[in-house]
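Our numbering applies: residue 20 is where the sequence shown begins, and numbers increase by one.
Scroll down for the structure; my scribbles are underneath it.
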Amino acid sequence: MLTITRKLEFDAGHRIPDHKSQCRNLHGHRYTLEITLVGKVIEVEGSSDNGMIMDFSDIKTLAKQHLVDVWDHAFLVYEKDMPVRDFLASLPDHKTVVIDRIPTVENLARTAFDILNAAYKDAYGTGLHLQKLVLHETPNCWAEVTAD
């Protein structure tokens, strides 16, 4: 199997409401996102993408459009975390992303996988799909989601 991977970074805040330690407080991370795609190599003479699974700049463009630009410099808040949601709503023009899961790195990785899986699925008619997504919360801690 031949895969390609593109790495992007973004900054975001979150909190884990019921955590036993400091992660229950509002804080942020410099997240690193690794997107691994699988698909047939394009073999079309004269095509800009000839010899590629997908152009790395196109991977970046789709990731930024569907996820990175949405989450970058946003506060990622759990939909049931009403004290924080109410506080964020009181801030004029605050960039808040409400998600249906507690924003642990595991849940953020699953959410990101779902979003990007739809964005990349068979973009070229070559069976292109998201094979794996890795989301680093810190340089030493991350979650991985792999397609079934």
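Glycine is no exception: its CB is placed at the ideal position from the N, C-alpha and C atoms.
The model shown is predicted, which means the values in this text are computed figures rather than measured ones.
Q | Whole-Å CB distance - residue 186 paired with residue 29, under 8 Å assumed | A | It is not possible to answer for residue 186, since the shown part of the chain is limited to 20 through 167.
Q) Nearest to residue 120 by alpha carbon, out of 27, 33, 167, 25? A) Answer by Cα proximity: 33.
Q.
Can you give me the C-alpha to C-alpha distance between residue 146 and residue 118, rounded to a whole angstrom?
A. One C-alpha to the other measures close to 29 Å.
Q: Apply the 10 Å Cβ neighbour rule to residue 155 and answer buried if 16 or more other Cβ atoms are within range, or exposed otherwise.
A: Looking at its Cβ environment, which holds 16 or more other Cβ atoms inside 10 Å, residue 155 is buried.
Q: On the DSSP bridge assignment, give the partners of residue 56 in chain order.
A: For residue 56, the beta-bridge partners assigned by DSSP are 23, 149.
Q) What is the residue span of the beta strand (DSSP E) that residue 165 lies within? A) Unbroken beta strand (DSSP E) run through residue 165: 160-165.
Q. For the stretch 77-165, which segments carrying the alpha helix (DSSP H) assignment without a break, of at least 4 residues, lie completely within its bounds, in sequence order?
A. Counting whole runs of 4 or more residues, the stretch 77-165 contains the alpha helix (DSSP H) stretches 101-108, 124-139.
Q: If I'm right that residue 57 touches residue 150 with Cβ under 8 Å, what's the distance once you round it to whole angstroms?
A: Between residue 150 and residue 57 the Cβ distance is about 4 Å, and since that is below 8 Å, they are a contact.
**Q.** Distance between beta carbons of residue 82 and residue 27, contact taken as under 8 Å
**A.** The pair is a contact, with the Cβ atoms about 6 Å apart (cut-off 8 Å).
Q: Find the nearest neighbour of residue 153 within the set 130, 104, 144, judged by alpha-carbon distance.
A: Considering only alpha carbons, the answer is 130.
Q: Given a cut-off of 8 Å, decide if residue 95 and residue 127 are closer than it, judged by their beta-carbon atoms.
A: Yes, they are a contact pair.
Q. What is the DSSP secondary structure of residue 43, reduced to helix, strand or coil?
A. Residue 43 carries a helical assignment under DSSP once its states are collapsed to helix, strand and coil.
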